[in-house]
Ligand code: AMP
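Numbering (the working numbering), first residue to last: 54 to 335.
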């Protein structure tokens, strides 16, 4: 696996590959890699000629400086995980490479940035777009791979691709969530859970299954209330437990029986905030 730290170096390397008509797949990450991340690398590998992974902890998407400082950094393990997954090239920039000047760009994300993760983490999606915009500009990928684990983020990136001149030919791929055996969605934050908490955290997945199994046309408030209670009984402090239109992310309280739906959960177990989701109508 090649490792590039400087923007000019990766650009000149990739230009040579593009001129040979090779399809470039790209998987941006913030490191602390687990099997969820490597599933994206493997998917890209199966569909592209060259797979680029990046590890960059993006300061502009953290609204709390303490969270940024606490973010796990495990680059040696990440390099091994990427090699084992078959990644061809790792881009490992520093902050000055990505932001030679502070980014002042604003993205028209509409209500996508004000609901759910957007309302809990103000500025998070603008910051996410700044880094992804810059990374796409550098890597110039043909195809990009993001995890369904971050459902709202996938919608934001699809919007970024739609609204940014030059990105219209990028193919967006959403890869299913990789889970632990008990159903807990893999996440770098799981490192902060004790063994007991990890077992307990599977309640989020069970609650999503409960919502899927009990979904029926009409008023959804009863199943949402039961879902909320299940989480509280398991020791969670839910941030949101909601069912939304899978295409617009507007919350749905009364289902017409036809609109595609996604269930979204964010909940704290002690101070660790976990998120997960499930499409209810496939
Ligand atoms: P992050 O490093 O957390 O920014 O995540 C980088 C990419 O990995 C994003 O596209 C995430 O959605 C994806 N990802 C994180 N966890 C999982 C998972 N459990 N399954 C699939 N994709 C994941």
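Beta carbons: idealized from backbone N, C-alpha and C, even for Gly.
Distances from the CB of residue 113 to the heavy atoms of the ligand AMP are all 7 Å or more. Its chain contains 236 and 283 as the residues whose beta carbon lies nearer than 8 Å to that of residue 259, once the 5 sequence neighbours on both sides are disregarded; these appear in chain order. Beta-carbon to beta-carbon, residue 114 and residue 184 are separated by about 7 Å, close enough to satisfy the 8 Å threshold. Sequence-distant partners of residue 300 (beyond 5 residues in either direction) whose C-beta falls short of 7 Å from its own C-beta, in its chain, are 313. Approximately 6 Å separates the beta-carbon atoms of residue 329 and residue 261; this is inside 8 Å, confirming the contact. Linking residue 263 to residue 276 through their CA atoms gives a straight-line distance of about 8 Å. Counting along the chain, residue 309 sits inside no alpha helix (DSSP H), nor does DSSP assign it H or E at all. If you check the CB distance, residue 142 and residue 105 come in under 8 Å.
By alpha-carbon distance to residue 195, the top candidate from 230, 71 and 257 is 71. A distance below 8 Å separates the beta carbons of residue 207 and residue 227.
In this structure, the alpha-carbon of residue 130 lies about 32 Å from that of residue 291.
Here the residues close to the ligand AMP, judged by CB distance below 5 Å to any of its heavy atoms, are 82, 83, 89, 90, 199, 200, 202, 203, 230, 231, 238 and 239 in chain order. For residue 67, the uninterrupted alpha helix (DSSP H) run begins and ends at 60-72, by DSSP. Linking residue 84 to residue 271 through their CA atoms gives a straight-line distance of about 42 Å. The C-beta distance from residue 165 to residue 209 rounds to 6 Å, short enough to fall under 8 Å.
By DSSP's assignment, residue 304 forms a beta bridge with 297. Closest by C-alpha distance to residue 145, out of 188, 94, 161 and 318, is 188. Residue 232 is bridged by DSSP to 238. Looking at the backbone, the Cα of residue 315 and that of residue 252 are separated by about 24 Å.
Under DSSP, the beta-bridge partners assigned to residue 226 are 198. The continuous beta strand (DSSP E) containing residue 326 extends over residues 325-332. Three or more beta-carbon pairs separated by less than 8 Å are not found between the region 90-110 and the region 243-252, which leaves the two stretches without contact.
Taking the C-beta atoms as reference points, residue 250 is found no nearer than 8 Å to residue 229. Boundaries for residue 91: no beta strand (DSSP E) harbours it, while the alpha helix (DSSP H) harbouring it runs 88-100, taken from the DSSP string. In the three-state reduction of the DSSP assignment, residue 168 falls in the coil class, being assigned neither a helical nor a strand state. Taking residue 110 as the centre and dropping the five residues before and after it, the same chain places the C-beta of 83, 84, 121, 124 and 126 closer than 8 Å to its C-beta, in chain order.
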